[in-house]
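Protein sequences appear in the order of chains A and B. According to the working numbering, numbering within the first sequence proceeds without interruption in unit steps and concludes at 645. According to the working numbering, numbering within the second sequence proceeds without interruption in unit steps and concludes at 277. What follows is one structure encoded as C-alpha cells, with my remarks underneath.
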Amino acid sequence: MAAVDDLQFEEFGDAATSVAANPDATTVSIEDPGETPKHQTGALRGSGREEDDELLGNDDSDKTELLAGQKKSSPFWTFEYYQTFFDVDTYQVFDRIKGSLLPIPGKNFVRLYIRSNPDLYGPFWICATLVFAIAISGNLSNFLIHLGEKTYHYVPEFRKVSIAATIIYAYAWLVPFALWGFLMWRNSKVMNIVSYSFLEIVCVYGYSLFIYIPTAILWIIPQKAVRWILVMIALGISGSVLAMTFWPAVREDNRRVALATVMTIVLLHMLLSVGCLAYFFDAPEMDHLPTTTVIPNQTVTAAKSS
Amino acid sequence: MAEAEESPGDPGTASPRPLMRDLKAVGKKFMHVLYPRKSNTLLRDWDLWGPLILCVTLALMLQRDSADSEKDGGPQFAEVFVIVWFGAVTITLNSKLLGGNISFFQSLCVLGYCILPLTVAMLICRLVLLAGPGPVNFMVRLFVVIVMFAWSIVASTAFLADSQPPNRRALAVYPVFLFYFVISWMILTFTPQ
C-alpha cells in the first residue's frame, strides 16, 4: 500500500506524468498537450504578439515542462536533437553515479535521478572507462601473477581491448533494447502504471555498470576469495538498483512473468561480471610455491610408507 | 611568390604556400604546447599536419622489430592510428554535444598537438630501453610517462576548458584524461623484442 501511495504522490508531484494522463503515451501524444497551450496563449494575446512569445522562448519553456522529457522537438537528423541527450551538468552526473552506488529500498533510480532527462553521457563514458579498466587491470593482474616465472614474457594483450569494448557496449545497448521491447509487448497486454522509454533503460543500465570500475581495479588482487567477494558485492549493489527500477514496471503483470523478468535481468548482469572475470583475469595459480614443498613431502611420505 | 598570410581554414585558394612557412607554423604550435600559455594561436590557425606527424611517429615507434608481430599483443600501426583519431573525434563530439563553443577542427588540432609530450616520452622510453630491462629501467620510464601525461593534460585543458560552460567543465575534461591515459598506458607497456 505504501508503494502505491508513493507512486500516486509522485504522479501528482510530477507535472509531466499528470498532464500526459496516459501512462504509456510517451512519444505519441506529445503534440497534443504541447500545441493546445500555444494556441491558447496565441489567441489570448493576439496574433501580433505570437512572434514575440516565440522569440522570448516562453512557449519553449512551457512546452519542455509539459512534454514530459520529450523535448526532442528537433528532427533526428539535426545536431540539436542529439544535444538534448547531453543536457546534464556535472553535479547531475555525480548524483546519478551516487544513486547507482547506494540503492535505497523502495526508491526508483529512474524516478529519483533521471526524472525524464535521460542522458547518454553517463552510459557512454562509464562503458568506455569500464572497457579500459577491465583490459588494463586484467593485463596488470596477469603480469603480477606470472612475475617470477622464467618462461613468462610480458605482452600488452592489446587485442583484449577490442573484445572488451564489444562485450561491454553490446551488453549496454542490446540488453536494454531487448528489455524495452519485452516491456512494450507486456504493456500492450497488461496496463502498467510505470513504463520507461528506451533511453531511460539505457541510462539505468549504463549507470549501474559504474560499480564494476572499482571492482575491476580491485580484481588485480590475485586472491580467488577476494575476487569472488567483490563479484558478490558488485552484483548485489548494481543488481538491486536494476531490480528496484524494473520491479514497478512488471509488478502489475502475472506474478511468474514479473519474477522471471527480474531474475533474468539479475542473471544477465551476473553473467557479464563472471564472464569478464574469467576471460580477462587469469586464475591466480597459488600452487607454484606449494608444489615445490608438497612434492618433497610426498616423496618423504612415500619413502616412509614403503 | 610571397602572399599575405592566409588562415589554413581558407578553402578555394589555389595559390601555392611555401613549405617553410607551413613548417614554421607547425613548429610554432609545438612550442605553444610545450610552454602552454593562454594564447589563441593553436585555436585560430588550426592545422592537422602536426597531429598527423605526431600520430605517425608515435605509431611507428610503438612497432616492434619481431617477426611475429601478430602474437606479440602490442598495438598494430593501424590500431594506434584508430585510437588516436577516433578518440580525438569522440572527445570533440562530446565537447560539442555538451554545448561547448569550439569548432570541430580546432578541437582536433588541440588534442592532436597535445600528444607531443607523450611522443617525447615514447622517444625517451625507447632510448632508456636500450640499456636493458630491469626494475630501475621501469621506474625511470614510469616517471617520465607520468610527467609527460600530466603535461599533456595541462596543455590541452589550458586550451579546451575555456570553451565549456563552467557547470560542465569536468564532464568535458574527463574524456581528455581517459584518452591520454590510454596512450600513456600503450607507451609504458611497450616491450621491445
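Just so you know, even glycine gets a beta-carbon here, dropped at the ideal spot from N, CA and C.
Assumed close pair residue i, residue j - CB separation to whole angstroms, cut-off 8 Å
{"i": "valine 231 of chain B", "j": "serine 268 of chain B", "result": "10 Å between Cβ atoms; not a contact."}
{"i": "tyrosine 546 of chain A", "j": "proline 442 of chain A", "result": "Rounded, the Cβ-Cβ distance is 11 Å, inconsistent with contact."}
{"i": "serine 247 of chain B", "j": "isoleucine 186 of chain B", "result": "4 Å"}
{"i": "lysine 112 of chain B", "j": "tyrosine 197 of chain B", "result": "The pair is not a contact, with the Cβ atoms about 11 Å apart (cut-off 8 Å)."}
{"i": "alanine 504 of chain A", "j": "valine 470 of chain A", "result": "5 Å"}
{"i": "phenylalanine 161 of chain B", "j": "alanine 143 of chain B", "result": "5 Å"}
{"i": "isoleucine 484 of chain A", "j": "aspartate 621 of chain A", "result": "6 Å"}
{"i": "isoleucine 552 of chain A", "j": "threonine 468 of chain A", "result": "6 Å"}
{"i": "leucine 611 of chain A", "j": "tyrosine 510 of chain A", "result": "6 Å"}
{"i": "phenylalanine 585 of chain A", "j": "threonine 603 of chain A", "result": "Not a contact, Cβ separation roughly 10 Å."}
Counted within 10 angstroms of its Cβ, other Cβ atoms place residue i as buried (16 or more) or exposed
{"i": "methionine 206 of chain B", "result": "buried"}
{"i": "tryptophan 235 of chain B", "result": "buried"}
{"i": "asparagine 649 of chain A", "result": "Chain A is shown only over 340 to 645; residue 649 of chain A falls outside these bounds and no answer can be derived."}
{"i": "tyrosine 102 of chain B", "result": "The sequence given here places proline at residue 102 of chain B; tyrosine does not occur at that position. Under this definition proline 102 of chain B is an exposed residue."}
{"i": "serine 501 of chain A", "result": "exposed"}
{"i": "lysine 499 of chain A", "result": "buried"}
{"i": "proline 201 of chain B", "result": "buried"}
{"i": "alanine 573 of chain A", "result": "buried"}
{"i": "glycine 445 of chain A", "result": "exposed"}
{"i": "proline 414 of chain A", "result": "exposed"}
{"i": "methionine 270 of chain B", "result": "buried"}
{"i": "histidine 116 of chain B", "result": "buried"}
{"i": "aspartate 391 of chain A", "result": "Residue placement at aspartate 391 of chain A cannot be trusted, given a pLDDT of 44 that sits under 50; the coordinates are not used to answer."}
{"i": "proline 250 of chain B", "result": "exposed"}
{"i": "glutamate 496 of chain A", "result": "buried"}
{"i": "glutamate 539 of chain A", "result": "buried"}
{"i": "asparagine 178 of chain B", "result": "buried"}
{"i": "threonine 417 of chain A", "result": "exposed"}
{"i": "leucine 255 of chain B", "result": "buried"}
{"i": "glutamine 431 of chain A", "result": "buried"}
{"i": "tyrosine 491 of chain A", "result": "exposed"}
{"i": "glycine 408 of chain A", "result": "Caution applies to glycine 408 of chain A, whose pLDDT of 48 falls short of 50 and renders its modelled position unreliable; the value that the coordinates give is listed next. Flag for glycine 408 of chain A reads buried."}
{"i": "glycine 578 of chain A", "result": "buried"}
{"i": "alanine 239 of chain B", "result": "buried"}
{"i": "serine 455 of chain A", "result": "buried"}
is_contact[residue i, chain B] using C-beta, thresh 8 Å
{"i": "alanine 467 of chain A", "result": "yes"}
{"i": "valine 432 of chain A", "result": "yes"}
{"i": "proline 495 of chain A", "result": "yes"}
{"i": "tryptophan 464 of chain A", "result": "yes"}
{"i": "serine 425 of chain A", "result": "A small correction: the amino acid at residue 425 of chain A is phenylalanine; serine does not occupy that position in the sequence shown. Answer yes: the Cβ-Cβ gap between phenylalanine 425 of chain A and chain B drops below 8 Å somewhere."}
{"i": "glutamine 422 of chain A", "result": "yes"}
{"i": "threonine 429 of chain A", "result": "yes"}
{"i": "phenylalanine 415 of chain A", "result": "no"}
{"i": "tyrosine 460 of chain A", "result": "yes"}
{"i": "phenylalanine 471 of chain A", "result": "yes"}
{"i": "isoleucine 507 of chain A", "result": "no"}
{"i": "isoleucine 559 of chain A", "result": "no"}
{"i": "isoleucine 552 of chain A", "result": "no"}
{"i": "isoleucine 576 of chain A", "result": "no"}
is_contact[residue i, chain A] using C-beta, thresh 8 Å
{"i": "threonine 176 of chain B", "result": "no"}
{"i": "proline 219 of chain B", "result": "no"}
{"i": "tryptophan 269 of chain B", "result": "yes"}
{"i": "valine 266 of chain B", "result": "yes"}
{"i": "arginine 252 of chain B", "result": "yes"}
{"i": "threonine 273 of chain B", "result": "yes"}
{"i": "aspartate 129 of chain B", "result": "no"}
{"i": "proline 259 of chain B", "result": "yes"}
{"i": "glycine 134 of chain B", "result": "no"}
{"i": "serine 247 of chain B", "result": "no"}
{"i": "proline 159 of chain B", "result": "yes"}
{"i": "leucine 211 of chain B", "result": "no"}
{"i": "leucine 181 of chain B", "result": "yes"}
{"i": "leucine 255 of chain B", "result": "yes"}
When the options are compared against residue i, the one with the closest alpha-carbon
{"i": "threonine 241 of chain B", "options": "B/Thr176, B/Phe274, B/Leu213, B/Ala109", "result": "B/Thr176"}
{"i": "tryptophan 519 of chain A", "options": "A/Ser536, A/Ser527, A/Met530", "result": "A/Ser536"}
{"i": "leucine 107 of chain B", "options": "B/Arg128, B/Leu132, B/Pro120, B/Phe189", "result": "B/Leu132"}
{"i": "cysteine 139 of chain B", "options": "B/Gln147, B/Ile237, B/Phe165, B/Arg148", "result": "B/Phe165"}
{"i": "phenylalanine 516 of chain A", "options": "A/Val543, A/Pro495, A/Glu496", "result": "A/Val543"}
{"i": "leucine 211 of chain B", "options": "B/Val238, B/Leu182, B/Thr275", "result": "B/Thr275"}
{"i": "arginine 253 of chain B", "options": "A/Val570, A/Val427, A/Phe549, A/Cys615", "result": "A/Val427"}
{"i": "tryptophan 130 of chain B", "options": "B/Thr273, B/Phe261, B/Phe243, B/Glu163", "result": "B/Phe243"}
{"i": "glycine 184 of chain B", "options": "A/Arg454, A/Glu419, A/Phe448, A/Lys437", "result": "A/Glu419"}
{"i": "methionine 571 of chain A", "options": "A/Lys437, A/Ala555, A/Ala509, A/Ile507", "result": "A/Ala555"}
{"i": "tyrosine 618 of chain A", "options": "A/Val596, A/Trp558, A/Arg450", "result": "A/Trp558"}
{"i": "tryptophan 272 of chain B", "options": "A/Ile465, A/Tyr421, A/Leu479", "result": "According to the sequence shown, residue 272 of chain B is leucine rather than tryptophan. Of the listed residues, the one whose Cα sits closest to leucine 272 of chain B is A/Leu479."}
Near the ligand FAD: residue i beta-carbon under 7 Å from a heavy atom
{"i": "glycine 438 of chain A", "result": "This structure lacks the ligand FAD, and indeed carries no ligand of any kind."}
Every unbroken alpha helix (DSSP H) inside the segment 474-552 of chain A [4 residues or more]: 498-528, 537-547
Minimum length 4: unbroken alpha helix (DSSP H) runs contained in the segment 166-247 of chain B: 188-197, 200-213, 219-244
Ordered list of alpha helix (DSSP H) runs contained in the segment 568-624 of chain A, each at least 4 residues: 594-619
Continuous alpha helix (DSSP H) assignments of at least 4 residues falling wholly in the segment 429-457 of chain A: 429-440
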